[in-house]
Amino acid sequence: MTFPIKRHIKIPWIKGILDFEPPEELIRRIDIRAKFSTSQQLEHGTKKTTLDGPTVIPEYLSQYHGQFEDKEAERFPIARAYDHAIELKPEFTPRDCKVYSFTALEQIELDTFLKENLHKGYIQKLKSSMASPFFFVGKKEKGKLRPTQDYRWLNHGTIKNAYPLPLVSNLIDKLKDATIFSKLDLHNGYNNI
63 MTFPIKRHIK IPWIKGILDF EPPEELIRRI DIRAKFSTSQ QLEHGTKKTT LDGPTVIPEY
123 LSQYHGQFED KEAERFPIAR AYDHAIELKP EFTPRDCKVY SFTALEQIEL DTFLKENLHK
183 GYIQKLKSSM ASPFFFVGKK EKGKLRPTQD YRWLNHGTIK NAYPLPLVSN LIDKLKDATI
243 FSKLDLHNGY NNI
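According to the numbering used here, the sequence shown is numbered sequentially starting from 63.
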């Protein structure tokens, strides 16, 4: 039996088996399937109700009407003084990514994702030595997939922002007298906030 030169071999003598651990850079393909969390499974089991007729926005929210429009959501945000920048460490070395296999449904979702985001200007065609893996995870809606990029290597090479975040305990203290809580799930919401 011949072994590839660049292999890490563990021999747990008690088990009587050979365990091969290839270095990370030798891994070229990983299969990932969508996995549902408990909250997603509970969401699938609930009965959905829909309102008939036009949705009425309360008067006190009318000034934010545009935030709920699909047309407004499908745009790149305007440039602002506090826009986020990603700065890379000088010694960072870009690398290409592992390739994840897709089911036929996932491939259709990928093609749709690329077409829509190229059209909106969120992404652009690019030739680069850096690439990050792309895969899907399950959403709460049954059968829906959420596109996901694995930016761990890129994150490893970024200069971290040392701006202090508020303490969670302080944020919770500020909410102690609150009686009404809401959750917004805006379509393409990051562009609208």
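Cβ atoms here follow ideal geometry from the backbone N, Cα and C, with glycine treated the same way.
Query raised in the report: Terminal residues of the continuous beta strand (DSSP E) containing Arg208?
Result: Here residue 208 is taken as the residue at index 146 of the sequence shown, counted from 1. Taken as a continuous stretch (DSSP letters only), the beta strand (DSSP E) holding Arg208 covers 207-211.
Report task. Please state whether DSSP places Thr174 in a helix, a strand or coil. Result -> In the sequence shown, counting from the first residue as 1, residue 174 sits at position 112. Thr174: helix per DSSP, three-state reduction.
**Report entry** Closest by C-alpha distance to Thr155, when choosing among Thr174, Gly219, Asn223, Ala224
**Finding:** In the sequence shown, the residue the question calls residue 155 occupies position 93. Measuring from the Cα of Thr155, the nearest candidate turns out to be Gly219.
**Report entry** Local Cβ density within 10 Å of Glu131, reported as buried at 16 or more and exposed below that
**Finding:** Residue 131 sits at position 69 when you count from the first residue of the sequence shown. By the neighbour-count rule (16 or more Cβ atoms within 10 Å), Glu131 is not buried but exposed.
Report task. Whole angstroms is fine: what's the gap from Lys133's alpha carbon to Glu121's? Result -> What you label residue 133 is simply residue 71 of the sequence shown in a count that begins at 1. What you label residue 121 is simply residue 59 of the sequence shown in a count that begins at 1. One C-alpha to the other measures close to 21 Å.
Query raised in the report: In this structure, what does DSSP give as the bridge partners for Phe154?
Result: As a first step, residue 154 is located in the sequence shown; it is residue number 92 there, counting from the start. None; Phe154 has no bridge partner.
Report task. Just grab the DSSP bridge partners of Val199 for me. Result -> Start at 1 with the first residue of the sequence shown, and residue 199 comes out as number 137. Answer is Arg208.
Requested in this report: Establish whether the CB of Asp235 and some CB of chain B are separated by less than 8 Å.
Outcome: This model lacks chain B altogether, as it is built from one protein chain only.
Query - Nearest candidate by alpha-carbon position, reference Asp158, set Leu227, Ile242, Leu216, Pro152 - result: Residue mapping note: residue 158 aligns to position 96 of the sequence shown, counting from 1. Closest option to Asp158, Cα to Cα, is Leu216.
**Report entry** Nearest neighbour of Val199, chosen from Ser191, Met192, Ala193, Arg208 [CA to CA]
**Finding:** The residue you call residue 199 lines up with position 137 of the sequence shown. Ranking the options by Cα distance to Val199, first place goes to Arg208.
Query raised in the report: Hey, Phe138 and Tyr213: beta-carbon distance below 8 Å or not?
Result: The residue labelled residue 138 in the question sits at position 76 within the sequence shown. The residue labelled residue 213 in the question sits at position 151 within the sequence shown. No, the Cβ-Cβ distance between Phe138 and Tyr213 is not below 8 Å.
Report task. Inspect the CB distances between the region 185-198 and the region 158-171 and report whether three or more fall short of 8 Å. Result -> yes
Query - For Thr220: DSSP bridge partner residues - result: Here residue 220 refers to the residue found at position 158 of the sequence shown. Thr220 pairs with Leu150.
Query raised in the report: Exposed or buried, Glu203, counting other C-beta atoms within 10 Å across all chains shown (16 or more means buried)?
Result: The count along the sequence shown starts at 1 and reaches residue 203 at position 141. Looking at its Cβ environment, which holds fewer than 16 other Cβ atoms inside 10 Å, Glu203 is exposed.
Query raised in the report: Helix, strand or coil for Ala143 per DSSP?
Result: The sequence position of residue 143 within the sequence shown is 81, counting from 1. It is coil, neither helix nor strand.
Report task. With a threshold of 16 other CB atoms inside 10 Å of the CB of Glu168, please say whether the residue is buried or exposed. Result -> Numbered from its first residue, the sequence shown carries residue 168 at position 106. By the neighbour-count rule (16 or more Cβ atoms within 10 Å), Glu168 is buried.
Query raised in the report: Taking Ala224 as the reference, which of Glu149, Ser190, Lys236 has the closest Cα?
Result: On the sequence shown, residue 224 is found 162 positions in, with the first residue counted as 1. When each option's Cα is compared against that of Ala224, the closest is Glu149.
**Report entry** Unbroken alpha helix (DSSP H) run spanning Ile234, endpoints
**Finding:** For the purposes of this step, residue 234 is taken as the residue at position 172 of the sequence shown. Start and end: 230-236.
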